[in-house]
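In our numbering, the protein residues as written are 20 to 445. Think of the CB as a built atom: it goes at the ideal place given N, C-alpha and C, for glycine as much as any other residue. It should be emphasised that the depicted structure is a prediction, and the values quoted were computed from it without experimental measurement. The structure appears below as structure tokens.
Pasting the structure below:
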């Protein structure tokens with residue numbers, strides 16, 4: 020009897036263990052959900068990127084991508100440093116060149132093995148390793164309203180020297196009432212208004228690379244040693260003076276990004292000093308008039324090229340436990356039809372990836388693609404500057420000059436002093 024009971028007990032125990040194992044198998048814990056936090060600085064693509072992140076999250080159960088945007092003149096670098104100090108570094112963040120790389124290199128993962136690397140020539144590479152995902156090809160010249168120029172009798176193809184611009188600006192200024200414009204140019208240079216980057220970064224890039232071979236960094240290399248090419252800079256300074264003298268004063272000194280783009284979109288100015296990243300904004304504002312790009316021609320000799328570059332790169336936080344999920348998100352952006360649709364059709368960008376066959380709808384982006392096909396364009400090298408140089412060193416000098424554009428000699432002297440101080444920033 021004892022043997023039978025013992026046998027039954029053993030069988031019951033075995034059954035219980037089997038049932039427990041079966042239940043354990045059925046109730047195995049699910050993998051933890053992953054949240055990829057992305058911090059980026061391009062305000063003009065905020066809505067498009069938010070939408071793409073939401074679609075990606077919906078298509079990848081267990082993964083949620085959250086995007087935080089701070090740009091348009093906001094102190095992105097300062098905010099990122101604050102996140103670092105608070106132990107809240109994002110999984111994906113954005114850098115604008117070697118200056119930023121040097122600041123954040125301890126947080127930047129090696130992306131050399133990612134599937135998109137062989138599909139682009141614009142990845143950020145350091146010591147033979149790929150560390151940055153190119154956000155887009157961007158670029159700029161001086162955007163123009165073709166209808167206004169036609170009414171004023173100005174051929175945009177003639178705008179290839181500083182003298183040609185001076186003549187055009189004077190013509191437009193004299194016909195402001197007839198043309199219904201407030202000023203020839205919409206340009207902002209206010210540090211307080213958050214528009215420091217228009218002059219202190221993008222316009223200054225004309226001095227660094229304008230009229231030179233696309234990869235000629237000779238001028239900025241000298242500047243990194245504290246040296247100014249004074250004859251060249253003097254020609255450039257005269258061009259800046261023209262832009263400032265013929266710009267809408269309120270926008271120049273106090274205007275925001277929306278003010279600057281809005282004035283052009285409303286036909287209140289003939290020119291806009293912005294890049295192709297404004298295409299989505301112009302579409303939202305209902306612009307239907309023909310737009311083109313003229314060169315930032317500051318030299319006495321002809322300049323016909325535009326400025327093309329990869330302005331920034333997404334990097335992955337190497338210390339994040341979500342690094343693999345972050346890499347997968349970027350890979351999908353570069354390699355899937357949904358990612359391509361986001362970059363071209365939703366964000367209005369020119370992707371840096373060769374496999375993308377879609378064409379941008381924005382007029383300025385189309386101008387850049389045509390310019391890229393023609394060749395003869397100029398490089399953009401502000402990413403080689405020490406971190407903070409554009410915002411904290413150069414932009415205040417432009418802001419001061421904007422307040423009194425007659426002070427040409429003072430502007431040149433102030434910039435010479437600012438350039439001389441660059442070596443001490445390393």
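DSSP bridge partner residues for residue i (one or two, in chain order)
i           : result
residue 148 : 145
residue 231 : Residue 231 is not bridged to any residue.
residue 2   : The requested residue 2 does not occur in the structure, where the chain is confined to residues 20 to 445.
residue 85  : 56
residue 153 : 332
residue 313 : 161
residue 327 : 158
Pick from the options that is closest to residue i, judged by C-alpha positions
i           : options               : result
residue 60  : 111, 73 and 77        : 111
residue 324 : 158, 208, 330 and 285 : 158
residue 230 : 249, 435, 217 and 255 : 255
residue 362 : 154, 140 and 94       : 154
residue 106 : 338, 417 and 190      : 338
residue 202 : 266, 171, 83 and 185  : 266
residue 129 : 283, 179 and 342      : 342
residue 331 : 190, 90 and 54        : 90
residue 63  : 386, 298 and 371      : 298
residue 208 : 402, 414 and 376      : 414
residue 212 : 365, 269 and 402      : 269
residue 294 : 181, 252 and 160      : 160
residue 250 : 317, 350 and 148      : 317
residue 446 : 262, 296 and 227      : For the chain, the structure presents residues 20 to 445; residue 446 sits outside this window and is missing.
residue 248 : 344, 227 and 125      : 227
residue 170 : 309, 275, 391 and 242 : 309
residue 405 : 291, 397, 119 and 376 : 119
residue 127 : 140, 139 and 109      : 109
residue 284 : 92, 258, 140 and 204  : 204
residue 239 : 431, 422, 54 and 399  : 399
residue 401 : 379, 393 and 412      : 412
residue 292 : 225, 242, 253 and 139 : 225
Exposure of residue i, with buried meaning 16 or more beta-carbon neighbours within 10 Å
i           : result
residue 232 : exposed
residue 384 : buried
residue 121 : exposed
residue 374 : exposed
residue 181 : buried
residue 372 : buried
residue 72  : buried
residue 396 : buried
residue 314 : buried
residue 387 : buried
residue 20  : With a pLDDT of 41 at residue 20, under the threshold of 50, the modelled position of that residue is not reliable, and no figure is offered here.
residue 222 : buried
residue 340 : exposed
C-alpha distance - residue i paired with residue j, whole-angstrom precision
i           : j           : result
residue 244 : residue 441 : 7 Å
residue 237 : residue 132 : 33 Å
residue 206 : residue 264 : 11 Å
residue 418 : residue 136 : 40 Å
residue 312 : residue 215 : 22 Å
residue 178 : residue 164 : 14 Å
residue 449 : residue 195 : With the chain represented from 20 up to 445, any question about residue 449 goes unanswered, as that position is not in the structure.
residue 187 : residue 77  : 52 Å
residue 425 : residue 234 : 34 Å
residue 79  : residue 336 : 21 Å
residue 58  : residue 429 : 39 Å
residue 439 : residue 246 : 6 Å
residue 85  : residue 115 : 21 Å
residue 346 : residue 301 : 32 Å
residue 277 : residue 348 : 30 Å
residue 329 : residue 193 : 38 Å
residue 296 : residue 162 : 12 Å
residue 359 : residue 134 : 15 Å
residue 436 : residue 408 : 13 Å
residue 321 : residue 125 : 44 Å
residue 143 : residue 149 : 6 Å
residue 156 : residue 370 : 6 Å
residue 167 : residue 290 : 9 Å
residue 123 : residue 96  : 10 Å
residue 100 : residue 88  : 15 Å
residue 351 : residue 68  : 13 Å
residue 280 : residue 74  : 29 Å
residue 113 : residue 98  : 12 Å
residue 17  : residue 258 : An answer regarding residue 17 cannot be provided, because it is not within the stretch 20 to 445 covered by the chain.
residue 30  : residue 81  : Because residue 30 sits at a pLDDT of 45, beneath the cut-off of 50, its placement in the model cannot be relied upon, and the point is left open.
residue 83  : residue 55  : 6 Å
Below-9 Å beta-carbon distance, residue i vs any chain C residue
i           : result
residue 426 : Although the question refers to chain C, the structure presented lacks it and comprises just one protein chain.
CB-CB length for residue i against residue j, believed under 8 Å
i           : j           : result
residue 151 : residue 326 : About 20 Å; that fails the 8 Å criterion.
residue 199 : residue 286 : 7 Å
residue 382 : residue 219 : 27 Å between Cβ atoms; not a contact.
residue 260 : residue 141 : With a Cβ gap of about 34 Å, residue 260 and residue 141 do not count as contacting.
residue 379 : residue 367 : 6 Å
residue 444 : residue 416 : Their Cβ separation, rounded to whole angstroms, is 15 Å, which puts residue 444 and residue 416 out of contact at 8 Å.
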